[in-house]
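If you read the sequence shown in UniProt numbering, its first letter stands for residue 1, the second for the next number, and so on. First the structure, in the form of structure tokens, and then the observations on it.
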Amino acid sequence: MARRNLSALEALFDILTDAPWWTSLLVGGISYAALRFAFPIIWSNPKTMLGILAGATSQFAWISVIFAFPAMVSMFQSAGKRRMLDRQNGIGSIRSLPWKRFEELVGEAYRRQGFTVFENPDKGTDGGIDLTIKRGSNTYLVQCKHWKTHKVGVKVVREMLGLMAAHGATGAIVVTSGVFTKESIDFATAQHIELIDGDGLVRMISTLQATPAITAVSSALTVSARTCPRCGKDLVLRTARRGANTGGKFWGCQNFPNCRYTEVASG
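Okay, here's the thing in structure tokens:
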């Protein structure tokens with residue numbers, strides 16, 4: 001029994017450390033008021049068992065101070081996430097982050113846009129949901145794909161559509177440090193699911209930094225955010241020197257001539 005209570009307490013502290021710091025202080029204040037004042041007033045008869053217990057709990061109201069600990073942890077973590085976002089200088093620094101820090105970066109980006117962000121510590125119970133973000137009455141489910149050499153396929157987007165329906169969410173967002181396949185983009189457009197690739201994430205972060213460390217989103221960033229679906233190398237923007245498309249732009253594999261994959265450059 002003691003072990004089960006300890007696990008419940010640890011789970012509560014995990015929730016509070018991920019929540020805004022003032023949440024812990026609010027819970028602590030409510031706990032103190034209940035133990036020190038509410039219970040003794042509600043069960044004020046000292047001749048009953050409840051009255052005796054209520055009188056005893058008032059002497060232990062100071063225990064509520066333990067909620068200051070998750071508040072301090074939350075403040076420390078929040079400061080670290082803010083610094084991490086402000087230090088990003090391009091797609092390279094984003095891709096170098098560990099997967100957990102990548103999720104925290106995405107969460108901080110939405111937090112700066114006025115969303116309340118809830119991180120999901122147990123991915124097993126909620127499929128592919130990494131973050132739940134809320135603003136007003138709207139709730140969005142976010143999945144983060146920290147893929148450097150793979151395109152995010154349509155299967156991931158289809159799964160988010162199912163999760164969105166199961167949770168009754170307003171919408172769903174898939175964020176990647178790489179790129180999406182054309183099939184996944186077409187499916188997401190039809191289902192009103194937002195996709196943010198590495199290039200889009202760089203642009204979003206650059207507008208949210210306290211002191212912009214990303215001065216411009218150059219074409220080089222777009223190049224590094226596109227990967228070859230055949231061999232996983234970067235695609236580079238090239239100009240056709242002969243043939244019907246002479247002078248036109250196209251994406252060619254960095255691994256040429258070992259890999260001859262190409263894409264027509266739009267725009």
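For glycine and all other residues, C-beta sits at the position ideal for the given N, C-alpha and C.
Identify which residue in the options has its Cα closest to the Cα of residue i.
i, options, result
"F187", "S137, E159, A34", "E159"
"D199", "K81, G178, T239, R101", "G178"
"L86", "T239, P212, P257", "Leu is not the amino acid found at residue 86; the sequence shown has Asp there. Closest by alpha carbon: P212."
"I66", "I196, S24, S137, F256", "S24"
"R203", "I15, N89, G80, A71", "N89"
"P70", "G80, T116, W22", "W22"
Mapping DSSP to helix, strand and coil, what is residue i?
i, result
"G248", "coil"
"Q191", "helix"
"residue 269", "Nothing about residue 269 can be read from this structure; the chain reaches only from 1 to 267."
"I133", "strand"
"F256", "coil"
"R238", "strand"
"L105", "helix"
"L97", "coil"
"I196", "strand"
"T211", "coil"
"K182", "helix"
"V223", "Annotation note: pLDDT 40 at V223 (below 50); position unreliable, coordinate value reported separately. Correct three-state label for V223: helix."
"I15", "helix"
"F118", "strand"
Taking Cβ to Cβ, would you say residue i is nearer than 8 angstroms to residue j?
i, j, result
"V156", "V106", "no"
"T17", "Q77", "yes"
"V152", "T176", "yes"
"G248", "T262", "no"
"L208", "R112", "yes"
"I94", "T116", "no"
Leaving aside the five residues before and after residue i along the sequence, list all residues of the same chain whose C-beta is less than 7 angstroms from its C-beta, in chain order.
i, result
"C231", "C253, N255, C259"
With a CB to CB cut of under 6 angstroms and the five nearest residues on each side skipped, what residues in its chain are close to residue i?
i, result
"S229", "Here residue 229 turns out to be Pro, not Ser, going by the sequence shown. Cβ neighbours of P229 beyond the five flanking positions: K151."
"F118", "T132"
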